[in-house]
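Presented below is the structure to which this report refers.
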Amino acid sequence: MALKSTAGKILIATPAIGDGNFEQSVIYMLHHDTEGALGVIINRPSELPVEELLPRWGDLATTPGLVFSGGPVETNGFIGVGRAVGTQPEDVEPVPGTDLVTVDLENDPALTGAHVDRLRIFRGYAGWGAHQLDTELSAGAWFTVASHDGDMWSSDPSGLYEKVLRRQSGDLRWFANAPLDPSQN
Numbered sequence: 012m013a014l015k016s017t018a019g020k021i022l023i024a025t026p027a028i029g030d031g032n033f034e035q036s037v038i039y040m041l042h043h044d045t046e047g048a049l050g051v052i053i054n055r056p057s058e059l060p061v062e063e064l065l066p067r068w069g070d071l072a073t074t075p076g077l078v079f080s081g082g083p084v085e086t087n088g089f090i091g092v093g094r095a096v097g098t099q100p101e102d103v104e105p106v107p108g109t110d111l112v113t114v115d116l117e118n119d120p121a122l123t124g125a126h127v128d129r130l131r132i133f134r135g136y137a138g139w140g141a142h143q144l145d146t147e148l149s150a151g152a153w154f155t156v157a158s159h160d161g162d163m164w165s166s167d168p169s170g171l172y173e174k175v176l177r178r179q180s181g182d183l184r185w186f187a188n189a190p191l192d193p194s195q196n
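Quick note: the sequence shown uses our numbering, first residue 12, plus one each step.
Shown next as structure tokens:
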């Protein structure tokens with residue numbers, strides 16, 4: 012069976028996820044191929060300002076200017092995701108099918124700022140080994156939905172779980188108001 016890449020899409024944790032790290036998570040997928048997958052949780056802003064943890068990047072960070080909890084993998088590291096404008100330098104990694112790029116936070120922010128007009132900083136990420144995400148998708152742990160332009164830059168990131176589910180058609184809409192524990196329904 013051919014791989015259906017989720018890169019550029021959103022994963023929404025279902026009640027069947029069974030992992031507290033991902034409960035009600037909205038994950039923007041940055042990469043997905045036969046070797047694995049990587050995304051960042053976009054609905055978990057921390058209380059930590061970007062300027063405190065990565066002072067050089069504070070001026071470029073999109074409102075609310077906070078570091079987001081990107082996921083449980085490598086939580087001592089940071090990932091930058093920007094919206095590309097103009098010609099991109101070779102050291103940025105485009106997210107397939109989108110205008111988003113991952114930003115190398117070791118670079119000079121002044122140089123990067125000329126190529127992105129929005130930036131989110133994530134501490135850690137959500138990662139899956141080869142075929143691991145495909146197995147979880149088959150088991151019903153995640154809904155895969157199209158992303159909208161404003162999802163990454165939402166001014167109310169904590170409300171994204173409900174917002175993204177409410178804009179879906181059919182049965183998916185119901186999950187916006189579903190209890191965390193389906194047995195309590």
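Using N, Cα and C, we set each Cβ at its ideal position, and we do this for glycine too. As the structure is a computational prediction, the values presented were derived from the model and not from experiment.
Measure the beta-carbon distance from V103 to A18 and round it to whole angstroms, keeping in mind my assumption that it falls under 8 Å.
-> Beta-carbon to beta-carbon, V103 and A18 are separated by about 15 Å, too far to satisfy the 8 Å threshold.
Tell me whether S180 is buried or exposed, calling it buried when 16 or more other Cβ atoms sit within 10 Å of its Cβ.
-> Exposed is the call here.
Compute the distance between the beta-carbons of G97 and V51, then report whether it is under 8 Å.
-> No. Outside cutoff.
Extent of the continuous alpha helix (DSSP H) to which L77 belongs | Taken as a continuous stretch (DSSP letters only), L77 belongs to no alpha helix (DSSP H), being part of the beta strand (DSSP E) at 77-80.
Look at the alpha carbon of R184 and the alpha carbon of R67, and state the distance between them as a whole number of angstroms.
-> Computed Cα separation, rounded: 41 Å.
Provide the residue(s) that pair with V37 in DSSP beta bridges, ordered along the chain.
-> Bridge partners of V37: I23.
Complete runs of the alpha helix (DSSP H) confined to the stretch 132-164 [at least 4 residues] | Fully enclosed alpha helix (DSSP H) runs of 4 or longer: 143-149.
Give me the Cα-Cα distance between F154 and N118, rounded to the nearest whole angstrom.
-> Distance between the alpha carbons of F154 and N118 is about 35 Å.
Assumed close pair M163, V61 - CB separation to whole angstroms, cut-off 8 Å | That pair is no contact at about 15 Å.
For E173, does the three-state DSSP call read helix, strand or coil?
-> In the structure shown, E173 sits in a helix (DSSP, three-state: H, G or I).
What first and last residue would you give for the alpha helix (DSSP H) that runs through G124?
-> Note, G124: alpha helix (DSSP H), 120-124.
Continuous alpha helix (DSSP H) stretch holding V61: start and end | V61: member of the alpha helix (DSSP H) spanning 61-64, first to last residue.
Compare the Cα-Cα distances from I53 to each of I23, S149, A150, L71 and report the closest residue.
-> Relative to the Cα of I53, the nearest Cα in the group I23, S149, A150, L71 belongs to I23.
Given G76, which residues of its chain have a CB within under 8 Å of its CB, disregarding the five upstream and five downstream residues?
-> Correct list, in chain order: P60, V61, E62, G69.
Do you know whose CA, among G151, F89, D145, D167, lies nearest K10's CA?
-> This structure leaves residue 10 out entirely; the chain is present only between 12 and 196.
Measure from the alpha carbon of S165 to the alpha carbon of each residue in E46, N32, R55, A152, then state which is nearest.
-> Nearest of E46, N32, R55, A152 to S165, Cα basis: R55.
Simplified DSSP assignment, three categories, for P56 | Correct three-state label for P56: strand.
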